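I have placed the structure first, in the form of structure tokens, so that the comments after it can refer back to it.
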Amino acid sequence: MKTKSKFNIIDFFILIVVAGIIAVAVWFFMPSNDGDEVYVYFTVEIRETMPNFADSVPIASMVRDSVRNYSLGYVWDVNTTPTVFYTLNHQTLEMAPQEVFDRYNTYITIRAEGVLSNSEIGIGQTSVRVGQRMYLRGLGFAGFGFVTDLRWEER
Numbered sequence: 188m189k190t191k192s193k194f195n196i197i198d199f200f201i202l203i204v205v206a207g208i209i210a211v212a213v214w215f216f217m218p219s220n221d222g223d224e225v226y227v228y229f230t231v232e233i234r235e236t237m238p239n240f241a242d243s244v245p246i247a248s249m250v251r252d253s254v255r256n257y258s259l260g261y262v263w264d265v266n267t268t269p270t271v272f273y274t275l276n277h278q279t280l281e282m283a284p285q286e287v288f289d290r291y292n293t294y295i296t297i298r299a300e301g302v303l304s305n306s307e308i309g310i311g312q313t314s315v316r317v318g319q320r321m322y323l324r325g326l327g328f329a330g331f332g333f334v335t336d337l338r339w340e341e342r
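Residue numbers for the sequence shown follow my numbering, beginning at 188 and rising by one.
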């Protein structure tokens, strides 16, 4: 004997509760867009790169987060400095700077459109902070490093 199920008041309340939970979760996990729209410039330091690494980073090419595949912006500037470590000088017992042969620190400055709020600087689906580790991927290069500089200007 088959019985036909009917939609009753308990089913209605269950649907209302589930819809409320979903709405709260979406509101809580979505990034907020209430803030000032700005151009964000942040510099990522990639340490101990090969001498020709900076030449493989084209200016104005798109940069993506290689882990989550988010767009981070466009390459604005590329600079290099020799890699320097501090080592102990055994004669004077002082720490002295020593350049590492054939290795350079590459500084990639990225420009992106972002949102400046009271709690964060948001770029698309991610936020940027000084000291944050970033995994970069672009046309002809990939690497990881830390954000060393962060500034913004109004659009």
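Quick reminder that beta carbons are idealized off the backbone N, C-alpha and C, glycines included. Note that the coordinates shown come from a computational prediction; the quantities given were computed from them, not determined experimentally.
Helix, strand or coil at residue i [DSSP, three-state]
i    : result
I295 : strand
Extent of the continuous alpha helix (DSSP H) to which residue i belongs
i    : result
A211 : Checking the displayed sequence, the identity of residue 211 turns out to be Val instead of Ala. Here the alpha helix (DSSP H) through V211 covers I196 to F216.
Beta-carbon separation (whole angstroms), residue i vs residue j, contact threshold 8 Å
i    : j    : result
S243 : G332 : Not really, about 15 Å apart at Cβ, beyond 8 Å.
Q312 : Y257 : 5 Å
E224 : R338 : Wrong, their Cβ atoms sit about 15 Å apart, outside the cutoff.
E286 : T270 : 7 Å
E300 : Y226 : 6 Å
N302 : G309 : According to the sequence displayed, residue 302 carries Val and not Asn. 5 Å between Cβ atoms; contact.
Span of the beta strand (DSSP E) around residue i
i    : result
S258 : S258 to N276
R251 : M249 to D252
R234 : D223 to T236
Residue i: CB within 7 Å of a non-hydrogen atom of the ligand NAP
i    : result
Y261 : Looking for the ligand NAP in the displayed structure turns up nothing, as the structure carries no ligands at all.
Contact with chain B by residue i, beta-carbon distance below 8 Å
i    : result
M321 : Note that chain B does not occur in the displayed structure, where there is just one protein chain.
*For the stretch 282-335, which segments carrying the alpha helix (DSSP H) assignment without a break, of at least 4 residues, lie completely within its bounds, in sequence order?*
none
*asked:* Counting beta carbon pairs with one atom in the stretch 283-300 and one in the stretch 252-267, are three or more of them shorter than 8 Å?
replied: yes
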